[in-house]
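Visitor: Quick note: the sequence shown uses UniProt numbering, first residue 1, plus one each step. Backbone N, C-alpha and C define an ideal beta-carbon position, used for all residues, glycine too. Quantities reported herein were computed from a predicted structural model and do not represent experimental measurements.
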Amino acid sequence: MDSTKSTGETALNIPESKSTKDKNTVAYTATTTATPYPQARWKRGVSIFDFILRICALVAALAATATMGTTDQTLPFFTQFFQFQASYDDLPTFTFFVVANAIVSGYLFLSLPFSIVGIVRPHAAGIKLLLLIFDTMMVAFATAAAAAAAAIVYLAHNGNSNTNWLAICQQFTDFCQRVSGAVVASFIAAVILIFLVLLSAVALRRR
1 MDSTKSTGET
11 ALNIPESKST
21 KDKNTVAYTA
31 TTTATPYPQA
41 RWKRGVSIFD
51 FILRICALVA
61 ALAATATMGT
71 TDQTLPFFTQ
81 FFQFQASYDD
91 LPTFTFFVVA
101 NAIVSGYLFL
111 SLPFSIVGIV
121 RPHAAGIKLL
131 LLIFDTMMVA
141 FATAAAAAAA
151 AIVYLAHNGN
161 SNTNWLAICQ
171 QFTDFCQRVS
181 GAVVASFIAA
191 VILIFLVLLS
201 AVALRRR
């Protein structure tokens, strides 16, 4: 009879239970599905901010259009046969200003439903790209109209002695105040549109 005994250890392979596999699968699924939510919330927040900015730009563009389009002043101290009158349509620059801001206003109004779709579907890149293209075009319209009108307003306030252009704002005070306010409102709309372009570009970049 052999007195030597084997003392080696035997490794037991215990199969992983089905419940453990299910738990690991659930944990992995929960981890993978929970990660996109912060990004979706961020994109929805950007879309909501985009909608608010569009409303502000729409108000500013409408104010610029309505103010300039209704600007008309007649000096009261002349007879009905001989009067000095100043109206926005006397100057082609102001007429262009009204048309351009009206186009911007119409576009901003039509873009609101697309902005709402961006809130509902924050990952829809096609809508953001479309708005980015048209927003850039409207920036050009609003900036060109505001800059051109600002040059005329400057001449109306200060004149130009080299060309014998008189400053008419000393007489037509109401006219100059209204056109100046319209130009300021148009510049505000242009700045908001620039922010909209940057916002859309950032949203598309982080897609």
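Distance check for G106 and A124, CA to CA, integer angstroms please.
Guide: Taking the sequence shown and counting its residues from 1, one reaches residue 124 at position 124. Taking the sequence shown and counting its residues from 1, one reaches residue 106 at position 106. So the two alpha carbons sit approximately 23 Å from each other.
Visitor: In three-state DSSP terms, what is N101?
Guide: In the sequence shown, counting from the first residue as 1, residue 101 sits at position 101. Correct three-state label for N101: helix.
Visitor: In the DSSP assignment, what residue or residues form a beta bridge with D72?
Guide: Here residue 72 is taken as the residue at index 72 of the sequence shown, counted from 1. DSSP output for D72 lists S87 as bridge partner(s).
Visitor: In angstroms, rounded to a whole number, what distance separates the CA positions of L132 and S115?
Guide: Start at 1 with the first residue of the sequence shown, and residue 132 comes out as number 132. Start at 1 with the first residue of the sequence shown, and residue 115 comes out as number 115. Answer to the nearest angstrom: the Cα atoms are 11 Å apart.
Visitor: Applying the criterion that 16 or more other CB atoms from any shown protein chain within 10 Å of the CB defines a buried residue, is L198 buried or exposed?
Guide: Along the sequence shown, read from residue 1 onward, the residue named residue 198 stands at position 198. Exposed, because fewer than 16 other Cβ atoms sit within 10 Å of the Cβ of L198.
Visitor: Put A203 into one of helix, strand or coil per three-state DSSP.
Guide: Looking up residue 203 in the sequence shown gives position 203. Note: A203 maps to helix in three-state DSSP.
Visitor: With three or more beta-carbon pairs closer than 8 Å as the criterion, would you say the region 160-167 touches the region 90-103?
Guide: With the cut-off at 8 Å, the region 160-167 and the region 90-103 do not touch.
Visitor: Assuming A167 and A156 make a contact with CB atoms under 8 Å, what is their CB distance in whole Å?
Guide: Along the sequence shown, one-based indexing puts residue 167 at 167. Along the sequence shown, one-based indexing puts residue 156 at 156. So it is a contact: roughly 7 Å between Cβ atoms.
Visitor: How many Å lie between L62 and V183 at the Cα?
Guide: Taking the sequence shown and counting its residues from 1, one reaches residue 62 at position 62. Taking the sequence shown and counting its residues from 1, one reaches residue 183 at position 183. Whole-angstrom Cα-Cα distance: 12 Å.
Visitor: Quick one: what does DSSP say N162 is sitting in, helix, strand or coil?
Guide: Here residue 162 refers to the residue found at position 162 when the sequence shown is read from its first residue. Note: N162 maps to coil in three-state DSSP.
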